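Remember, my numbering sits 4 above the position in the sequence shown when you count from 1.
One structure below.
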Amino acid sequence: MSKILIIHTGGTIGMTRTPDGYKPDGEYFRNAIYHLDSLKAESMPEWDFVEMDPLLDSSRMTVREWNNIGKVIADNSDNYDGFVILHGTDTMAYTASALSFMLKGLKKPVILTGSQIPLCEIRSDGRDNLITSMLIAGEARVKEVCIYFGGQLLRGNRSKKYSAMGMRAFRSPNYPTLAFANISIEYNEAAFLKEETEGFTFRPFKELPIGVIKVYPGFPFDLFESLLTEKMKGVVIETFGSGNIPDDNAALFPMLEKAKKNNVVFVVCSQCPQATVDMDTYEAGSALKKAGALSGGDMTLEAAVTKLYYLFSICDDLPTVRKLMETDLCGELN
Ligand code: ASP
């Protein structure tokens, strides 16, 4: 029988009502899951449960928490067949992306899940999300970091929170769904991550200055120039469509020049969830490429940001960071 570890980090699934709104409630959740009969069913994997301290609304997650979650998995990597991480939905896609890099080579299922409605409420989606995630982790057919939510299993570093209301809160706009939980769990094996030859080494992230710029019509590039000192390591710039930017804005090039002078890596992603950046398609995009910006391809913003953290944490050599940024490392990029 397989054995999994459930790691509770916080999020709506384990929250209860307070006068100020929903708040993580470790004691309630611990009691609730130890009393859920389905979790003791014969068809369920064996499980242990740990709780992070403090339990957080996921909007409070930082690099430190990503590292703490990664460390629990790394320390227990030989003891369990798979891992289920209970997490708030707001930043779940960031944590999933971060863990996919940090735990590269683990070759075990790490399934993040949570809920839109807390388990303490009668219409909670948390029960199915938890049970199905446990089954997927226990079966261990998919050996990568995923998000299971609302009947769908998605690659973690391809996922985005799409809805704050719907039960299918996540989408993977540029990559196929890895499994559908219908009457049975239907896996799409062709989409699984190819088995890595590399062994597993846990690589926690450093707390680094990484930025995000979202361009809009009339964007004041001159105001952002002052941020691009040698202290900044990398910036993801969310442009229009396939990587287009207002290249007739006189302040754009001084900003890019300053970034280049200070070795700030610029990565171009798209504001369209479904897109591949190709800076050669339009004149309005080629300016970025000429100025040394890198293509984020079809990476999500979440994957691009966490990949910058990862690369600058493992390597100081700028040409290597630049090369790896445009290389698929763990299924985040086509
Ligand atoms: N604010 C909550 C969180 O991310 C939302 C949720 O879990 O759905 O922790």
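Yeah, the Cβ is synthetic: ideal placement off N, Cα and C, and Gly gets one too.
Remember, it's a predicted structure, so these values are computed and weren't measured experimentally.
Cβ neighbours of residue i in the same chain (closer than 6 angstroms, five flanking residues each side left out)
i           : result
residue 302 : 178, 280, 338
residue 9   : 52, 80, 84, 87
residue 11  : 54, 76, 89
residue 78  : 206
residue 195 : 180, 182
residue 260 : 295
residue 67  : 209, 211
residue 328 : 315
residue 251 : 288, 291
For residue i, three-class secondary structure by DSSP
i           : result
residue 196 : coil
residue 364 : With the chain covering 5 to 338 only, the question about residue 364 has no answer from this structure.
residue 218 : strand
residue 104 : helix
residue 170 : coil
residue 188 : coil
residue 153 : strand
residue 162 : helix
residue 6   : coil
residue 249 : coil
residue 110 : coil
residue 210 : coil
residue 242 : strand
residue 270 : strand
residue 117 : strand
residue 295 : coil
residue 323 : helix
residue 237 : coil
Outcome for residue i when other beta-carbon atoms lying within 10 angstroms are tallied against a minimum of 16
i           : result
residue 289 : buried
residue 172 : exposed
residue 336 : buried
residue 247 : buried
residue 164 : buried
residue 184 : exposed
residue 113 : buried
residue 133 : buried
residue 148 : buried
residue 227 : exposed
residue 25  : exposed
residue 310 : buried
residue 41  : exposed
residue 16  : buried
residue 129 : buried
CB contact flag (residue i, residue j, <7 angstroms)
i           : j           : result
residue 154 : residue 118 : no
residue 96  : residue 50  : no
residue 81  : residue 334 : no
residue 70  : residue 102 : yes
residue 60  : residue 14  : yes
residue 237 : residue 213 : yes
residue 297 : residue 270 : yes
residue 36  : residue 139 : no
residue 161 : residue 180 : no
residue 127 : residue 135 : no
residue 266 : residue 232 : yes
residue 257 : residue 109 : no
residue 63  : residue 94  : yes
residue 262 : residue 229 : yes
residue 197 : residue 151 : no
residue 3   : residue 219 : This structure does not reach residue 3, given that the chain is present from 5 up to 338, and the question cannot be answered.
residue 47  : residue 210 : no
Own chain, CB closer than 8 angstroms to residue i, minus 5 neighbours either side, in chain order
i           : result
residue 273 : 240, 241, 242, 243, 281, 300, 303, 304, 305, 308
residue 107 : 74, 77, 78, 114, 149, 204, 206
residue 332 : 338
Contact set for residue i: own chain, Cβ-Cβ below 7 angstroms, skip 5 residues either direction
i           : result
residue 29  : 18, 19, 20
residue 167 : 173
residue 283 : 247, 272, 289, 290, 292, 293, 299
residue 276 : 245
residue 215 : 231, 236, 239
residue 159 : 148, 150, 176, 179, 182, 335
residue 39  : none
Closer than 6 angstroms: residue i CB and nearest ligand 2 heavy atom
i          : result
residue 57 : Only ligand 1 can be found as ligands here, which leaves ligand 2 out of the picture.
Cβ of residue i within 7 angstroms of any chain D Cβ
i           : result
residue 212 : Included in the structure is just one protein chain, with no chain D present.
Worksheet item: Can you list, in chain order, the stretches of the alpha helix (DSSP H) that have 4 or more residues and sit fully within the stretch 120–150?
Response: Runs of the alpha helix (DSSP H) inside the stretch 120–150: 130–143.
Fill in: Ordered list of beta strand (DSSP E) runs contained in the stretch 35–96, each at least 3 residues
50–60, 86–90
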